[in-house]
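Undergrad: Please read through the structure below; I'll follow up with questions.
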Amino acid sequence: MTASILLCPVCKESLQANESNKSLSCVNNHSFDRARQGYLNLLLAHKKKSKNPGDSQEMVIARQAFLNSDFYQPISDSLNKIVSDIVLKLQETRVETHTEESPYQVLDIGCGEGYYSQRLHNNLSEQQIEHKLFGLDISKDAVIAAAKRAKSEALLASKPMDSEWLVASAIDIPLQAHSIDIATCLFTRLMPESYHKVIKQDGFFICVNTGEKHLIELREKLYEEITKAEFDPVKNMGEDFELVDHQQVSYQNTLSSQQQIQDLLLMTPHNWRTKADKKESLASLEALTVTIDAQIHVFKAKVKAPVEVGEIEESAEEVITEAKPTTSGTINPWAKSTVEAEPVSEIVPEMPAQTPAELPVEAAIEMPVEAPVEIEEKDDTKEIPSGKVNPWAKS
Ligand SMILES: C[S@@+](CC[C@H](N)C(=O)[O-])C[C@H]1O[C@@H](n2cnc3c(N)ncnc32)[C@H](O)[C@@H]1O
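Those letters in the sequence shown? Residues 12 to 406, by the numbering used here.
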């Protein structure tokens with residue numbers, strides 16, 4: 012059995028599962044029960060800025076209904092292909108150093124209700140790529156929906172649920188340093204410093220964001236003026252990552268019911284931003300053809316050399332800075348990265364306020380074919396056995 016890479020959110024020691032895997036604890040006896048849906052809540056109450064941070068239950072239900080119609084499947088398919096190509100490359104490059112079969116650790120940050128994460132997990136499994144998938148989101152409602160999706164798919168396949176779903180913040184990811192081979196992040200704000208801490212030194216980060224034309228037809232109906240999005244993932248990812256590939260997924264599809272239009276609206280920041288009269292004008296539509304424009308950026312983590320005692324920080328030296336273009340015109344992800352000194356910086360372990368204006372405009376539409384997820388009452392706050400520290404207790 013592979014050792015857990017989960018960390019205790021209280022003391023940052025390793026978390027190990029008990030025999031039944033129903034709870035996990037660290038050497039300091041901080042203990043976390045698994046909810047009956049299978050997820051783990053590792054978000055400490057005092058680290059939350061609101062009672063229910065992240066996407067609301069209403070948004071989660073709308074997103075799940077929309078995504079389950081596979082309106083965005085081409086985005087998911089492209090992401091899956093990129094991830095399996097990376098794994099194949101890693102298998103080649105690591106063959107000399109890794110003799111034992113080590114599963115690939117894959118993390119979806121801001122996984123939402125798990126549509127993309129689960130499809131990625133299924134795709135890797137179909138290709139018999141040994142891996143462990145982690146889905147992480149600050150919204151408990153989203154993680155419940157994702158865990159339920161995973162559990163019901165496992166049940167259908169008569170297998171135990173082998174993925175791990177975490178309520179946690181992307182700012183303070185409760186995973187061991189440099190334990191993740193590939194991290195993904197779709198339509199969610201980027202927090203590169205935090206990602207760099209958990210991604211392996213030869214690991215990858217893939218983000219999916221909306222392009223300029225994304226849902227342009229819908230936006231034209233909602234706003235008097237269309238402002239040009241200024242979000243630039245490359246700039247956002249900063250110095251710790253280098254861009255190695257960029258792909259665009261672009262197509263048109265038709266929202267074929269009022270319900271589908273409403274679900275799309277509800278799952279995007281447009282819902283907050285749009286004035287009531289504009290929303291009303293949408294209410295009379297039975298169909299709307301829209302453009303999907305998703306931008307996928309693939310980054311490789313840059314290696315940071317440890318600063319040795321006595322070494323002056325300024326002496327950090329560039330070894331090879333530039334990524335080399337490959338024959339296909341994309342950048343060579345296997346080129347050596349820049350080696351530089353670790354900057355002295357600290358991540359403030361708290362949730363950023365989720366103001367809609369700060370979120371990159373997200374996309375998509377589609378229809379609720381399936382019954383909305385039933386959000387169950389939490390059962391992850393069970394009494395902690397005596398003698399153990401209860402991280403949920405009010406201080
Ligand atoms: C636009 S949704 C995208 C969900 C999913 N990736 C998808 O594309 O379907 C953004 C997600 O980020 C989550 N989120 C926001 N702030 C977060 C944080 N600090 N840490 C982890 N997740 C966060 C929200 O709860 C929400 O589920």
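Backbone N, C-alpha and C define an ideal beta-carbon position, used for all residues, glycine too.
Starting from the Cα of Tyr-126, find the closest Cα among Asp-256, Val-154, Val-260 and give me that residue.
TA: Sequence index remark: in the sequence shown, residue 126 carries index 115 (1-based). Cα-wise, what sits closest to Tyr-126 is Val-154.
Undergrad: Thinking C-beta only, is Ala-158 closer than 8 angstroms to Tyr-50?
TA: Working through the sequence shown from its first residue, we reach residue 50 at position 39. Working through the sequence shown from its first residue, we reach residue 158 at position 147. In this structure, Ala-158 lies closer than 8 angstroms to Tyr-50 by Cβ.
Undergrad: Between which two residues does the alpha helix (DSSP H) containing Val-314 stretch?
TA: In the sequence shown, the residue the question calls residue 314 occupies position 303. It is not in any alpha helix (DSSP H) - Val-314 carries neither H nor E in the DSSP assignment.
Undergrad: Counting along the chain, where does the alpha helix (DSSP H) carrying Tyr-115 start and finish?
TA: Residue 115 sits at position 104 when you count from the first residue of the sequence shown. No alpha helix (DSSP H) holds Tyr-115; the beta strand (DSSP E) holding it covers 115-120.
Undergrad: Indicate, with yes or no, if ligand 1 has a heavy atom lying under 7 angstroms from the CB of Thr-221.
TA: The residue given as residue 221 occupies position 210 in the sequence shown. Ligand 1 never approaches Thr-221 closely enough for any of its heavy atoms to be under 7 angstroms from the residue's Cβ.
Undergrad: Threshold first: 3 residues or longer. Then list the beta strand (DSSP E) segments lying entirely within the region 229-304, N to C.
TA: 252-266
Undergrad: Rounded to the nearest angstrom, what separates Ser-261 and Cys-218 at their Cα positions?
TA: As a position in the sequence shown, residue 261 is number 250, starting the count at 1. As a position in the sequence shown, residue 218 is number 207, starting the count at 1. Their backbone Cα atoms lie some 16 angstroms apart in a straight line.
Undergrad: According to DSSP, which residues form a beta bridge with Gly-146?
TA: Reading the sequence shown from its first residue, position 135 is the one you call residue 146. In DSSP, Gly-146 forms a bridge with Asp-119, Trp-176.
Undergrad: Considering only the alpha carbon of each residue, which of Ala-156, Ile-307, Ile-272, Leu-53 lies closest to Ile-182?
TA: If you number the sequence shown from 1, residue 182 lands on position 171. Closest by alpha carbon: Leu-53.
Undergrad: Figure out for me which residue from Lys-246, Leu-201, Gln-129 has the closest Cα to the Cα of Met-172.
TA: One-based indexing of the sequence shown puts residue 172 at position 161. Considering only alpha carbons, the answer is Gln-129.
Undergrad: Residues in the same chain with beta-carbon distance under 6 angstroms from Trp-176, minus the five sequence neighbours each way, listed in chain order, please.
TA: Here residue 176 corresponds to residue number 165 of the sequence shown, with the count starting at 1. Excluding residues within five positions, the ones whose Cβ falls inside 6 angstroms are Tyr-50, Gly-146, Val-154, Ala-157, Ala-158.
Undergrad: Roughly how many whole angstroms lie between the Cα atoms of Lys-151 and Val-178?
TA: For the purposes of this step, residue 151 is taken as the residue at position 140 of the sequence shown. For the purposes of this step, residue 178 is taken as the residue at position 167 of the sequence shown. Those two C-alpha atoms are separated by around 6 angstroms.
Undergrad: Ordered along the chain, which non-local residues of its own chain (more than five positions away) have a Cβ less than 7 angstroms from that of Arg-74?
TA: Translated into positions along the sequence shown, residue 74 becomes position 63. Hits under 7 angstroms: Gly-123, Glu-124, Met-278.
Undergrad: Give me the Cα-Cα distance between Leu-17 and Asn-134, rounded to the nearest whole angstrom.
TA: Position 6 of the sequence shown, counted from the start, is the residue given in the question as residue 17. Position 123 of the sequence shown, counted from the start, is the residue given in the question as residue 134. Leu-17 and Asn-134: Cα-Cα distance of roughly 24 angstroms.
Undergrad: Would you kindly report the start and end of the unbroken beta strand (DSSP E) that includes Asn-91?
TA: Here residue 91 is taken as the residue at index 80 of the sequence shown, counted from 1. No beta strand (DSSP E) contains Asn-91, which is instead part of the alpha helix (DSSP H) from 84-105.
Undergrad: Whole-angstrom Cβ separation of Gln-116 and Ser-190, contact assumed at under 8 angstroms?
TA: Within the sequence shown, residue 116 is the residue found at index 105, counting from 1. Within the sequence shown, residue 190 is the residue found at index 179, counting from 1. Correct: roughly 6 angstroms between the Cβ atoms.
Undergrad: Tell me whether the beta-carbon of Pro-114 lies closer than 8 angstroms to the beta-carbon of His-132.
TA: Along the sequence shown, one-based indexing puts residue 114 at 103. Along the sequence shown, one-based indexing puts residue 132 at 121. When the beta-carbon positions are compared, Pro-114 and His-132 stay at least 8 angstroms from each other.
Undergrad: Do three or more CB pairs link the region 72-90 to the region 261-272 at distances below 8 angstroms?
TA: yes
Undergrad: Quick check: does the Cβ of Arg-200 come within less than 7 angstroms of any heavy atom belonging to ligand 1?
TA: Locating residue 200 in the sequence shown gives position 189, where the first residue counts as 1. It does: the Cβ of Arg-200 is within 7 angstroms (strictly closer) of some heavy atom of ligand 1.
Undergrad: Counting C-beta neighbours from all protein chains within 10 Å, is the total for Glu-253 16 or more, i.e. buried, or is it exposed?
TA: Taking the sequence shown and counting its residues from 1, the one referred to as residue 253 is at position 242. It counts as buried.
Undergrad: Take Ala-305 and list the residues in its own chain whose beta-carbon comes closer than 6 angstroms to its own, dropping the five residues that flank it on each side.
TA: As a working mapping, residue 305 is identified with position 294 in the sequence shown. Excluding positions up to five away in sequence, the list reads Ile-86, Val-219, Val-260.
Undergrad: Please indicate yes or no: does the CB of Tyr-127 lie closer than 7 angstroms to some heavy atom of ligand 1?
TA: Within the sequence shown, the letter at position 116 stands for residue 127. Under cutoff, so the answer is yes.
Undergrad: Might you give, ordered along the chain, the residues of its own chain that have their beta carbon closer than 8 angstroms to the beta carbon of Glu-357, omitting 5 neighbours on each side?
TA: The residue you call residue 357 lines up with position 346 of the sequence shown. With a pLDDT of only 25 at Glu-357, under the threshold of 50, the placement of this residue in the model should not be trusted; the figure read from the coordinates follows. Within the same chain, Glu-357 has no close Cβ partners at all.
Undergrad: Taking Leu-78 as the reference, which of Glu-231, Leu-275, Lys-290, Ser-205 has the closest Cα?
TA: In the sequence shown, counting from the first residue as 1, residue 78 sits at position 67. When each option's Cα is compared against that of Leu-78, the closest is Leu-275.
Undergrad: Could you please give the first and the last residue of the uninterrupted alpha helix (DSSP H) stretch that includes Leu-78?
TA: Here residue 78 refers to the residue found at position 67 of the sequence shown. Counting along the chain, the alpha helix (DSSP H) containing Leu-78 begins and ends at 68-79.
Undergrad: Which value, in whole angstroms, describes the spacing of the CA atoms of His-41 and Glu-231?
TA: Position 30 of the sequence shown, counted from the start, is the residue given in the question as residue 41. Position 220 of the sequence shown, counted from the start, is the residue given in the question as residue 231. When rounded, the distance between both Cα atoms is 51 angstroms.
Undergrad: For Glu-137, which of Leu-166, Ser-95, Leu-167 has the nearest alpha-carbon?
TA: Within the sequence shown, the letter at position 126 stands for residue 137. Of the candidates Leu-166, Ser-95, Leu-167, the one whose C-alpha sits nearest the C-alpha of Glu-137 is Ser-95.
Undergrad: Identify, in the order they occur along the chain, each residue of the same chain with its Cβ nearer than 6 angstroms to the Cβ of Asp-251, setting aside the five sequence neighbours on each side.
TA: As a position in the sequence shown, residue 251 is number 240, starting the count at 1. If we look at Asp-251 and ignore the five residues flanking it on each side, its Cβ neighbours are Pro-203, His-207, Lys-313.
Undergrad: Quick check on the burial criterion: 16 or more other C-beta atoms within 10 angstroms. Buried or exposed for Lys-286?
TA: In the sequence shown, the residue the question calls residue 286 occupies position 275. Exposed, because fewer than 16 other Cβ atoms sit within 10 Å of the Cβ of Lys-286.
Undergrad: Is DSSP giving Ala-156 helix, strand or coil here?
TA: Walking along the sequence shown from the start, residue 156 turns up at place 145. Reduced to three states, the DSSP call for Ala-156 is helix.
Undergrad: Return helix, strand or coil for Leu-18, following the three-state DSSP convention.
TA: Position 7 of the sequence shown, counting from 1, holds the residue named residue 18. It is a strand residue.
Undergrad: Is Thr-48 helix, strand or coil by DSSP?
TA: As a first step, residue 48 must be located in the sequence shown, where it is residue number 37. The amino acid at residue 48 is misidentified as Thr; the sequence shows Gln. Gln-48 falls in the coil class under three-state DSSP.
Undergrad: Can you tell me where the beta strand (DSSP E) holding Ser-36 begins and where it ends?
TA: The count along the sequence shown starts at 1 and reaches residue 36 at position 25. Where Ser-36 is concerned, the enclosing beta strand (DSSP E) stretches over 34-36.
Undergrad: Given that a residue counts as buried once 16 or more other Cβ atoms are within 10 Å of its Cβ, and exposed if not, what is Cys-19?
TA: In the sequence shown, the residue the question calls residue 19 occupies position 8. When all chains shown are included, Cys-19 counts as buried.
Undergrad: Rounded to whole angstroms, what is the Cα-Cα separation between Lys-311 and Glu-103?
TA: For the purposes of this step, residue 311 is identified with residue 300 of the sequence shown, where counting begins at 1. For the purposes of this step, residue 103 is identified with residue 92 of the sequence shown, where counting begins at 1. Whole-angstrom Cα-Cα distance: 16 angstroms.
Undergrad: May I have the straight-line CA-CA distance separating Cys-37 from Leu-144, to the nearest angstrom?
TA: The residue you call residue 37 lines up with position 26 of the sequence shown. The residue you call residue 144 lines up with position 133 of the sequence shown. Their backbone Cα atoms lie some 21 angstroms apart in a straight line.
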